[in-house]
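Residue numbering for the sequence shown follows this note's numbering, beginning at 158 and increasing consecutively. Reviewing the structure listed below.
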Amino acid sequence: MIEAGGGAVVNMSSLAAQRGASPRMVDEFGSTSSSYWAAKAGVDALTRYMAGVGGRSGIRVNGVRPGQIMTPQATRGTIKDPDGGHHAFEKMFDLMQITPGPGYPEDVANLVLFLVSNESRFITGEIINVDGGVAAKL
């Protein structure tokens, strides 16, 4: 990237990095969830470090923190409705989010596309939540 005159890196973090593991979450998902949350906090720190190192060479480094996004990983283990959907899952996040409805992979992808484009040429060292406003309610 240095030889090319710069570029853009987008690291994938998680809203978990911002929230930390509560005892209830550990009880619900097991102690490995604490490791996941700590690792994602490390991704945030690495993103900021990389931005500082690469910035003078024209390399922008940002991170994306998805919240609960409707993916197979997120819906695994959730109780399915009789019609096979995940309405209970969606309802839970409607209560937590400011915006209505669940997030989808396309919501995350659109932010990543923006961050690697020249439209974001003056943004670096940022970690941006894609969570429907969950973090704003914390």
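Beta carbons are placed, not taken as given, at the ideal position from N, Cα and C, and that holds for glycine.
### Task
Would you mind giving the Cβ-Cβ distance between Arg-222 and Asn-286, rounded to the nearest angstrom? I have them listed as a contact below 8 Å.
Taking the Cβ atoms as the reference, Arg-222 lies roughly 5 Å from Asn-286, within the contact range of under 8 Å.
### Query
Under three-state DSSP, which class holds Met-169?
Strand at Met-169.
### Message
Once DSSP output is grouped into helix, strand and coil, what is the label at Pro-257?
### Response
Assigned with DSSP and collapsed to three states, Pro-257 falls in coil, not helix or strand.
### Query
What residue from Asn-219, Leu-172, Ile-159 and Gly-212 has the CA that sits closest to Val-166's CA?
The candidate whose alpha carbon is nearest that of Val-166 is Asn-219.
### Task
Return the residue from the list Asn-267, Asp-288, Ala-198 and Ile-284 that minimises the CA-CA distance to Pro-257.
It is Asp-288.
### Message
Rounded to the nearest angstrom, what separates Glu-283 and Arg-205 at their Cα positions?
### Response
Each residue's Cα considered, the two are about 7 Å apart.
#### Entry: Beta carbon of Ile-226 nearer than 8 Å to that of Asp-201
No, the Cβ-Cβ distance between Ile-226 and Asp-201 is not below 8 Å.
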